[in-house]
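Residue numbers (UniProt numbering), protein chains in the order written: chain A, 1 to 284; chain B, 1 to 207; chain C, 1 to 184; chain D, 1 to 208.
We put the beta carbon where it would ideally sit given N, CA and C, even for glycine.
Please read the structure below before turning to the comments.
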Amino acid sequence: MDIDIDDILADLDRDTTAVDHTFTSQGNDITVLGNDEPNPEKAEVPRLSPVKDFDDLTTHWRNERMCPELLPYPHLLMARMLRRVQEQMEHIECLSMGFLDDESNNSAQNIANKLPLLCMEADLERLKFVLRSYIRCRLFKIDKQSLYLIQISQTGDLTVPLEELLSKQEIEYHQRHSAILLKLLNSAILRHMPPELQAIDDNDGSVKMVEEPELDSFVFIYVKGPDYPHKQDPMLEVNEEGQRYYPVTIQELKEEVELTIGGIYVMRYSVIRDLLKDRKVILI
Amino acid sequence: MYGDLANKLVLEAKRIQQLNQNSSCDQLPLYQDGLVQNILKEMNQLKKNAEILKLQQENDQDDSKITRCQYFVTLLCMERNKRCLMAYQKLRSDTLDSIAWDNDGLDALSAGTVSNQGSKNLSHFEQEYLKEYSQLITDMKSGDLADIDLSGSLTSPSDVFIDVRVLKDAGEIQTEYGVFNLIKDTQFFVRQADVERLIRQGYLQKL
Amino acid sequence: MGYYDIDDILSDATKFPCRFNYSIPGLGYLEGNVGNPIQKNAKIELPLWLARVLAIIGANADEDSEDALPFLELMTPDMLSTRVMNAIKSNPVSLDVHSINSHFYALATKWATLFNDALLVKILNVMILERSQEINNHAASVSIDSMVKNDPGMFLLTLDESEKQLYKDSHISCKEMKQWMIRR
Amino acid sequence: MSLPPNLQQSFSPEEIQFIVENEPIKIFSRITTRPSVRQRNSSQNSARWKLVTADDEPLNNLVAMQTTEVALWVALLLKQQGKCSIVAPSWLTARQLQKYTDYERKHPERFSDLPWNWLVVAQLLFIKAADDLHDPVHVLRGIVQDLREIRLSKISQGLKQLNESHLQLDNLSLLEINELRPFILGVMNKLKQVHSSLTTDQDDEDVF
Numbered sequence: 001m002d003i004d005i006d007d008i009l010a011d012l013d014r015d016t017t018a019v020d021h022t023f024t025s026q027g028n029d030i031t032v033l034g035n036d037e038p039n040p041e042k043a044e045v046p047r048l049s050p051v052k053d054f055d056d057l058t059t060h061w062r063n064e065r066m067c068p069e070l071l072p073y074p075h076l077l078m079a080r081m082l083r084r085v086q087e088q089m090e091h092i093e094c095l096s097m098g099f100l101d102d103e104s105n106n107s108a109q110n111i112a113n114k115l116p117l118l119c120m121e122a123d124l125e126r127l128k129f130v131l132r133s134y135i136r137c138r139l140f141k142i143d144k145q146s147l148y149l150i151q152i153s154q155t156g157d158l159t160v161p162l163e164e165l166l167s168k169q170e171i172e173y174h175q176r177h178s179a180i181l182l183k184l185l186n187s188a189i190l191r192h193m194p195p196e197l198q199a200i201d202d203n204d205g206s207v208k209m210v211e212e213p214e215l216d217s218f219v220f221i222y223v224k225g226p227d228y229p230h231k232q233d234p235m236l237e238v239n240e241e242g243q244r245y246y247p248v249t250i251q252e253l254k255e256e257v258e259l260t261i262g263g264i265y266v267m268r269y270s271v272i273r274d275l276l277k278d279r280k281v282i283l284i
Numbered sequence: 001m002y003g004d005l006a007n008k009l010v011l012e013a014k015r016i017q018q019l020n021q022n023s024s025c026d027q028l029p030l031y032q033d034g035l036v037q038n039i040l041k042e043m044n045q046l047k048k049n050a051e052i053l054k055l056q057q058e059n060d061q062d063d064s065k066i067t068r069c070q071y072f073v074t075l076l077c078m079e080r081n082k083r084c085l086m087a088y089q090k091l092r093s094d095t096l097d098s099i100a101w102d103n104d105g106l107d108a109l110s111a112g113t114v115s116n117q118g119s120k121n122l123s124h125f126e127q128e129y130l131k132e133y134s135q136l137i138t139d140m141k142s143g144d145l146a147d148i149d150l151s152g153s154l155t156s157p158s159d160v161f162i163d164v165r166v167l168k169d170a171g172e173i174q175t176e177y178g179v180f181n182l183i184k185d186t187q188f189f190v191r192q193a194d195v196e197r198l199i200r201q202g203y204l205q206k207l
Numbered sequence: 001m002g003y004y005d006i007d008d009i010l011s012d013a014t015k016f017p018c019r020f021n022y023s024i025p026g027l028g029y030l031e032g033n034v035g036n037p038i039q040k041n042a043k044i045e046l047p048l049w050l051a052r053v054l055a056i057i058g059a060n061a062d063e064d065s066e067d068a069l070p071f072l073e074l075m076t077p078d079m080l081s082t083r084v085m086n087a088i089k090s091n092p093v094s095l096d097v098h099s100i101n102s103h104f105y106a107l108a109t110k111w112a113t114l115f116n117d118a119l120l121v122k123i124l125n126v127m128i129l130e131r132s133q134e135i136n137n138h139a140a141s142v143s144i145d146s147m148v149k150n151d152p153g154m155f156l157l158t159l160d161e162s163e164k165q166l167y168k169d170s171h172i173s174c175k176e177m178k179q180w181m182i183r184r
Numbered sequence: 001m002s003l004p005p006n007l008q009q010s011f012s013p014e015e016i017q018f019i020v021e022n023e024p025i026k027i028f029s030r031i032t033t034r035p036s037v038r039q040r041n042s043s044q045n046s047a048r049w050k051l052v053t054a055d056d057e058p059l060n061n062l063v064a065m066q067t068t069e070v071a072l073w074v075a076l077l078l079k080q081q082g083k084c085s086i087v088a089p090s091w092l093t094a095r096q097l098q099k100y101t102d103y104e105r106k107h108p109e110r111f112s113d114l115p116w117n118w119l120v121v122a123q124l125l126f127i128k129a130a131d132d133l134h135d136p137v138h139v140l141r142g143i144v145q146d147l148r149e150i151r152l153s154k155i156s157q158g159l160k161q162l163n164e165s166h167l168q169l170d171n172l173s174l175l176e177i178n179e180l181r182p183f184i185l186g187v188m189n190k191l192k193q194v195h196s197s198l199t200t201d202q203d204d205e206d207v208f
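As structure tokens, then:
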């Protein structure tokens, strides 16, 4: 049952971000109102609910869009999501087949009867959109940092191995795209250069050729706090006004800043990088 | 002066950038082959100079600083030319990427979108690149990601379904939701994607 | 700011005045004097991509040698002269930066890097803040009717490339927002 | 490039709307979908709602004349079909909005604590559920416009304080932040760049 408690806590936490809605628990009503599932408790493990997954996916999408570096690919979540899209497409197809057979209705009435179906189609479109936009954004960043990714995977400077950082498809995309781009640059330019200038990743010239992500660039953050507010977070401190905050340091300026829970800040990415990794802030 | 030609090429790159910033669809003007060839010729000249200077540097010890300076200048000129050439080509290949995505990963050359004036504007290597990149997109769209239509719209969906009024008779249309008989002044609730064409053609009006 | 950054490449082509510390035969072509040497103390204008390196690389291959002068000295360019600095200080907002240099900030920042010029940084800071307010005012005052050809007038012509980019980005954002607010 | 330039640095207002549409809102149902006891016991499964992005439980248990909570986009779809009315959030009344406006006027240095999605929710309900609001929509629109303008002018006052360190923007809504994002990031990144050109120690030769 402790899973349920986690879920409720998570919901409570979410509630602080949305000022205008009142708290509801998603889990409780199931048993109260009944469910066709033979075992509702097990069928709806809160942590793996579609809604929670979609919430997570949306956060990944928003973080990725605003983050100067490429964030690790959520392999399990994405596998679940892609499977869910497929299942839902089949499910919808099944349902609409049933409706088409039912020729007696005129179409205007037909569509009204299909309200659940309409809703499910719109719902599926929404999920597909986030997935599409998320992956397209990642491909864009992979292209932008193509040489850098190669460089760090060769020198072993990766905090996360490439196979974890990228999905299988992304790895293939990265390899194939950098190969055809290199072919183009080679044929058009590089092979005409003297040998010492033929490299595409020469960092010893006046200007470095390999572009690194600008980790110091500014991002907008929302300080969410720990996933479970009741658990102790050793990184949190409390100021004189009783607000809980994460102390951070802007290295370059040797400046200390308090990131209060619930606050919105514009901050250098490098300063909040670890907090983002721990899901204590989100990029907005 | 060395590097002047290369600068011209970068100014052309800047022009392409501004062109595409101010228009909704990406386009590529003519590949500046003559200019590129002339810069490559200049590179050859510089290459020769550098080799001579290198030899000199190894031979005379007395005035090494002079040869060093001459050598550095030559090296920097080559480096500069390389950067300008690369930036020009990279800007163009980036634009080709956008064109390929806009074309759904279909081969933009044979699909006709680029072919009219476009393919003439591309260098031979660029045509090859566009073809290969389009193929890459097509491959990405199939397989595990087939269901999400990777090259589909990046505008967030709201209003998947809309109310429309029929402005002129348009006969029957078949949709996933059955047959609609579009008679003037009737109203329907339809999926926006199903009727987008009819709205554009003036048969239907979004309410 | 990367290798492929078109504006960075263009800004690097700006010519800066410099003075050679040595006579170098065969470099006369740099001042349009092919075949002849460049004389010691000759004052010529070189693009920054060339001058910057020659100004920090010593003439002596032997790094230990203390008295090794760099090949040349960079001299303060017009765009950073006292006259221009005073003009900035007296009225940054109405200044026609574009006419001074279309890559003013990029170049000034490079200069500040080369010479660790704290005073220049201070002036730039004030200048950015004051001028960006004005840029924001212009970018935000988009009339939805004249969307196709919004006319920011003479103002746009006085911006340097980075300011133009800031204006464009802000302008598009404000425009999209206004369109969203009035739809249907 | 696989992402259009306008989406590389920021979100579009439509995307912000999308994010807000996933938040729950109260509705007053006009239909019943909750299966009767008999139906529940029979194995027959009549076109039930099964969603992948939002909680479908309330949708399968709608009871006419009762309130429940669903995702905003679902609420708008049901509303469009005349299957529900939307319970306007408590802050979306002329009286409440006027209070916010008064606060904004009284405190030139602060922003009232409007919900983080106020502008999107207000605009969406104005367009799609005007008849569910407690006050005439033109009145509400007017106050919302006032609020927006007061806050915008405060923001532009605040923009004079931009610096190379950081900025705190409490109580600004996501849409308001998004509108200003390109400007704020552009200026702050530029200030940072200018400031970091000064190195306290010169041992870094790789600068060039």
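Original post:
With 8 Å set as the bound, which would you pick, yes or no: does the beta-carbon of M193(A) sit closer than that to a beta-carbon of chain C?
Top reply: The Cβ of M193(A) sits no closer than 8 Å to any Cβ of chain C.
Subject >> Start and end residues, alpha helix (DSSP H) containing C84(B) >> reply: Here the alpha helix (DSSP H) through C84(B) covers 64–102.
Original post:
Alpha carbon to alpha carbon, how far is R148(D) from I155(D)?
Top reply: 10 Å
**OP:** Can you tell me which of A118(C), N136(C), S90(C) puts its alpha carbon nearest to the alpha carbon of S153(D)?
**Re:** N136(C)
Subject >> Identity of the residues DSSP links to F28(D) by a beta bridge >> reply: T67(D), S85(D)
Subject >> Where L27(C) meets chain B, residues with beta-carbon distance less than 8 Å >> reply: Residues of chain B passing the Cβ test: C69, Q70, V73.
Original post:
Do you know how far the Cα of R183(C) is from the Cα of Q1(D)?
Top reply: Residue identity check: residue 1(D) is Met in the sequence provided, not Gln. So the alpha carbons of these two residues sit roughly 29 Å apart.
Subject >> Selection from L114(C), Q133(C), M127(C) that minimises the alpha carbon distance to M75(C) >> reply: L114(C)
**OP:** Determine the contact status of I171(A) and L145(B), defining contact as a CB-CB distance below 8 Å.
**Re:** No, the pair does not count as a contact, with Cβ atoms beyond the cut-off.
**OP:** Would you list, in chain order, the members of the region 6–18 of chain C that have their beta-carbon closer than 7 Å to a beta-carbon of chain B?
**Re:** I6, I9, L10, A13
Original post:
Considering only residues of the UniProt domain "GINS subunit" (80–181) of chain C, which uninterrupted alpha helix (DSSP H) runs meet the minimum length of 4 residues and lie entirely inside it, listed in chain order?
Top reply: Entirely contained in the UniProt domain "GINS subunit" (80–181) of chain C, the alpha helix (DSSP H) runs reaching 4 residues are, in chain order, 82–90, 97–100, 104–115, 118–140, 154–157.
Subject >> Where K208(A) meets chain C, residues with beta-carbon distance less than 9 Å >> reply: G2, Y3
**OP:** Identify the continuous alpha helix (DSSP H) that holds V144(D) and give its terminal residues.
**Re:** Residues 137–158.
Original post:
What are the residues of the region 131–160 of chain B that lie near chain D, defined by any Cβ-Cβ distance shorter than 7 Å?
Top reply: L154, T155, S156, S158
Original post:
Listed from N- to C-terminal order along the chain, which residues in the region 81–95 of chain C have their beta-carbon within a distance smaller than 8 Å of any beta-carbon of chain D?
Top reply: Within the region 81–95 of chain C, no residue has a Cβ that lies closer than 8 Å to any Cβ of chain D.
Subject >> Under 7 Å from the C-beta of N125(C): neighbouring residues of chain D >> reply: L191, V194
Original post:
Hey, is R181(D)'s beta-carbon within less than 8 Å of any beta-carbon in chain A?
Top reply: yes
Subject >> chain C contact for A111(B) (CB, 8 Å cutoff) >> reply: Model confidence at A111(B) stands at a pLDDT of 49, short of 50, so the residue's coordinates are unreliable and nothing is read from them.
**OP:** Closer than 9 Å, Cβ to Cβ, to anything on chain D: give me those residues from the region 262–281 of chain A, in chain order.
**Re:** G262, G263, I264, Y265, V266, M267, R268, V271
Original post:
Who are the neighbours of Q98(D) on chain A, taking C-beta pairs under 8 Å?
Top reply: What Q98(D) touches in chain A: nothing, since even the nearest Cβ is about 17 Å away.
Original post:
chain A beta carbons: is any one of them nearer than 8 Å to that of A6(B)?
Top reply: no
**OP:** Just mark I39(B) as buried or exposed, buried being the case when its beta carbon has 16 or more other beta carbons within 10 Å.
**Re:** buried
Original post:
Can you give the Cα-Cα distance for L162(A) and E172(B), rounded to whole angstroms?
Top reply: 54 Å
Original post:
Quick one, which residues of the region 197–230 of chain A are near chain C if we go by CB-CB under 7 Å, in chain order?
Top reply: If the cut-off is 7 Å between Cβ atoms, the region 197–230 of chain A has S206, V207, K208, M209, E211 near chain C.
Subject >> DSSP state of C67(A) mapped onto helix, strand, coil >> reply: coil
**OP:** Can you grab the Cα-Cα spacing for the pair K160(D) / L181(A), in whole Å?
**Re:** 44 Å
Subject >> Cβ pair D149(B), K208(A) closer than 8 Å >> reply: No, they are not a contact pair.
Original post:
Who pairs with R165(B) in a beta bridge, going by DSSP?
Top reply: In the DSSP secondary-structure assignment, R165(B) is bridged to Q187(B), Q205(B).
Original post:
Thinking C-beta only, is L119(C) closer than 8 Å to N111(C)?
Top reply: The sequence given here has Trp at residue 111(C), not Asn. In this structure, L119(C) does not lie closer than 8 Å to W111(C) by Cβ.
**OP:** Could you tell me whether the Cβ of V34(C) comes closer than 8 Å to any Cβ of chain A?
**Re:** So no, V34(C) is outside the interface.
Original post:
What whole-angstrom Cβ distance do P47(C) and G3(B) have, given they're in contact under 8 Å?
Top reply: 7 Å
Original post:
Taking Cβ to Cβ, would you say C119(A) is nearer than 8 Å to V139(D)?
Top reply: Contact flag unset, no.
Original post:
For T33(D) versus N61(D), is the C-beta distance shorter than 8 Å?
Top reply: yes
Original post:
Around the C-beta of E179(D), are 16 or more other C-beta atoms found within 10 angstroms, so that it is buried, or is it exposed?
Top reply: buried
Subject >> Simplified DSSP state of Y269(A), which is helix, strand or coil >> reply: For Y269(A), the secondary structure class from DSSP, reduced to helix, strand or coil, is helix.
Original post:
Cα separation between T256(A) and Y245(A)?
Top reply: Inspection of the sequence shows that residue 256(A) is occupied by Glu rather than by Thr. Approximately 12 Å between the Cα atoms of the pair.
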